[in-house]
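Under the numbering used here, think of the first position of the sequence shown as 1475, with each following residue one higher. Ideal Cβ placement from N, Cα and C applies to all residues, glycine included. Bear in mind that the values here come from a model prediction, so they are computed numbers and not experimental data.
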Amino acid sequence: MMELRLRTSSHFASDYCQLRPSWQSTPAYKRQRVDCAPASALGPLCRAAATAERTVTPEKLSTTAPGTQTPGFGNTNDSILVVGAGIAGLAAAVALRKVGLPVVVLESSPDERKQGSAIALWTNAFHALDALGVAQPLRDAHPLLTRVELCTQEGRTLKAFSLTECRGGPHEFRGIRRSELLQGLRQALPSDLLHYGCPIRDVTPDPNGALVTLEDGRRMRFRAVLGTDGIRSRVAACLGMPPPNYAGYAAYRGVAKFAKKGTIPLDTCRMVWGNGVRAGMYPLSEDEAYWFTCFNASADAAGPSNPEEAKQAALSQVEGWAKGVDAAIRDTPAESISRSRIEDRWLAPGLPYGKGAVTLLGDAAHPMTPNLGQGGCTALEDAVEVARALGGTRQEQEGVGSRAAWRAVTTPALTDALRAFEKKRSKRIFPLAARSWGMGTVLQLPYPPVTALRNFVVSNLYNPAGFLDHALYDVGRL
1475 MMELRLRTSS
1485 HFASDYCQLR
1495 PSWQSTPAYK
1505 RQRVDCAPAS
1515 ALGPLCRAAA
1525 TAERTVTPEK
1535 LSTTAPGTQT
1545 PGFGNTNDSI
1555 LVVGAGIAGL
1565 AAAVALRKVG
1575 LPVVVLESSP
1585 DERKQGSAIA
1595 LWTNAFHALD
1605 ALGVAQPLRD
1615 AHPLLTRVEL
1625 CTQEGRTLKA
1635 FSLTECRGGP
1645 HEFRGIRRSE
1655 LLQGLRQALP
1665 SDLLHYGCPI
1675 RDVTPDPNGA
1685 LVTLEDGRRM
1695 RFRAVLGTDG
1705 IRSRVAACLG
1715 MPPPNYAGYA
1725 AYRGVAKFAK
1735 KGTIPLDTCR
1745 MVWGNGVRAG
1755 MYPLSEDEAY
1765 WFTCFNASAD
1775 AAGPSNPEEA
1785 KQAALSQVEG
1795 WAKGVDAAIR
1805 DTPAESISRS
1815 RIEDRWLAPG
1825 LPYGKGAVTL
1835 LGDAAHPMTP
1845 NLGQGGCTAL
1855 EDAVEVARAL
1865 GGTRQEQEGV
1875 GSRAAWRAVT
1885 TPALTDALRA
1895 FEKKRSKRIF
1905 PLAARSWGMG
1915 TVLQLPYPPV
1925 TALRNFVVSN
1935 LYNPAGFLDH
1945 ALYDVGRL
């Protein structure tokens, strides 16, 4: 596998296309860590790293002229900036490098993201991971789930079915820790491409690409900017995107660590429904399982004040329920349990949502409710699609290298490619967001007569043939 390496040196613009095999990455003892702020201003992990590795901590240069050498980055005029080192951002960086484009990743956190419990990855996500070249280690480490159980809180099974009953197979479904997915993506990138402790203040499209201002005052120009900085995206705010909408409920999430293997079936995703409260659980390994609870809550409802309070709140919602959800919560360390509001933003189908050479990916563009398990999956799709769109702007000519071809691409050509990408993605995302919202609305109904009718319909009339239609999308190869 060949990698496109970006050097943080004064020759940044001239040698960003140096190719080298991934197994010949710069040895750790020679690596140069680049922070966007003095180490004293960063978190303890970043400060510790600064003492262990050579750290470049330039003075603030609020008057740095766009296009000149920026300390710690070099000349960025030819590069694509990815803002955010989450799933969408790291995947986009991997995809861009696979098509031979120069990329820089800026992350506001002082170090690698480690928060988050687990994520469901379906067939469409694994198509994208295959395109990125990082799927197989994740497959090897996590069991293939092949069954779904829909149950009531009293323990009655409303519907149980194999994924082979769903059209469009074979299907792939695995539960994976978010930290493992992020690590797998990071390992496909050279370490000097990622810059931590670099919050963005402003992104402004202009005729030459986009002008980016960091919180420390430095300014840089990039050919294009991909906002992948999550549901509270600063890039989305700079583009004037509306804030996400609260769906009316919140969730607790965690990963249980069981004392013995085989506590729950290794092949089954189990959903348990109550009145205004529901829960779910699926295995990550022989002795670990991801679980969640969803519960109705007002938009201004206060969350727990400490981890133990969060654990007790989650447990109280499903105390005495069947199917082992309460036991899974008890087997979860309190400090690893998270609470989050469920929010979404619907994109108008077929319409663009970026500006100039700036676009959005993942939750920065289209946060969706988790009821279809497609938030992370579609972020991975976004990454492959945007790399294909930008890579396709180069006009390959005999005797002209890919670097020269990339430099010859005009900003209007990049803008057109990004608008086409957005139109394609909004057509894909809109029905998913709408379906997920509708499903959540039905599943969160708090009225026993209505939930009794819901349960009757699922038990007697529901056909799982179309259960995975939304996950059949194949993003293709790069």
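- Under the three-state reduction of DSSP, Met1715 is assigned to coil, being neither helix nor strand.
- Ranking Ala1776, Lys1797, Lys1785 by CA distance to the CA of Glu1628 puts Lys1797 first.
- Contact annotation: Pro1718 and Arg1868 have beta-carbon atoms that are not nearer than 8 Å.
- Residue pairing for Gly1701: DSSP places it in a beta bridge opposite Val1557, Leu1834.
- By the criterion of at least three beta-carbon pairs nearer than 8 Å, the region 1797 to 1812 is not in contact with the region 1659 to 1673.
- Val1932 sits away from Leu1580, with the two beta carbons spaced by 8 Å or more.
- Residues of the same chain with a CB within less than 7 Å of the CB of Cys1672, apart from the 5 flanking positions on each side, are Cys1510, Leu1580, Glu1581, Ser1582, Leu1688 in chain order.
- Of all C-beta pairs linking the region 1645 to 1653 to the region 1754 to 1767, three or more are shorter than 8 Å, placing the two stretches in contact.
- DSSP lists Leu1685 as the beta-bridge partner residues of Arg1695.
- Taking the CA atoms as reference points, Leu1789 sits about 42 Å from Lys1898.
- At a Cβ-Cβ threshold of 8 Å, Leu1637 and Trp1880 do not count as neighbours.
- Counted as a single uninterrupted DSSP element, the alpha helix (DSSP H) harbouring Gly1912 occupies residues 1885 to 1917.
- By the Cβ rule, the region 1686 to 1701 does not count as touching the region 1736 to 1748, because fewer than three pairs are nearer than 8 Å.
- By the neighbour-count definition (other C-beta atoms within 10 Å, threshold 16), Val1924 is an exposed residue.
- When the Cα atoms are used, Ala1945 and His1601 turn out to be separated by approximately 10 Å.
- Per DSSP, reduced to three states, the secondary structure at Ala1569 is helical.
- Taken through DSSP and simplified to helix, strand or coil, Asn1770 comes out as strand.
- The beta-bridge partner set that DSSP reports for Ile1593 consists of Ile1650.
- In this structure the region 1878 to 1894 does not touch the region 1633 to 1647; the number of beta carbon pairs closer than 8 Å is below three.
- Spanning the alpha carbons of Cys1768 and Gly1850 requires a straight line of approximately 18 Å.
- With a contact defined as Cβ atoms closer than 8 Å, Ala1569 and Leu1606 qualify at about 6 Å.
- By the Cβ neighbour-count rule, Lys1588 is exposed, with fewer than 16 other Cβ atoms within 10 Å of its own.
- Residue pairing by DSSP places Pro1757 opposite Ala1763 in a beta bridge.
- Using a 10 angstroms sphere on the CB of Lys1735, the tally of other CB atoms stays under 16, which defines it as exposed.
- If you ignore the 5 residues before and after Thr1620, its C-beta comes within less than 7 Å of the C-beta of Ser1636, Leu1637, Asp1741, all in its own chain and listed in chain order.
- Apart from the 5 residues on each side of it in sequence, Ser1707 sits with its Cβ closer than 6 Å to the Cβ of Gly1701, Ala1838 in its chain, given in chain order.
- The C-alpha of Tyr1947 lies about 9 Å from the C-alpha of Glu1855.
- By the neighbour-count criterion, in which 16 or more other beta carbons inside 10 Å mark a residue as buried, Thr1884 falls on the exposed side.
- Within a 10 Å sphere around the beta-carbon of Thr1631 sit fewer than 16 other beta-carbons, which makes this residue exposed.
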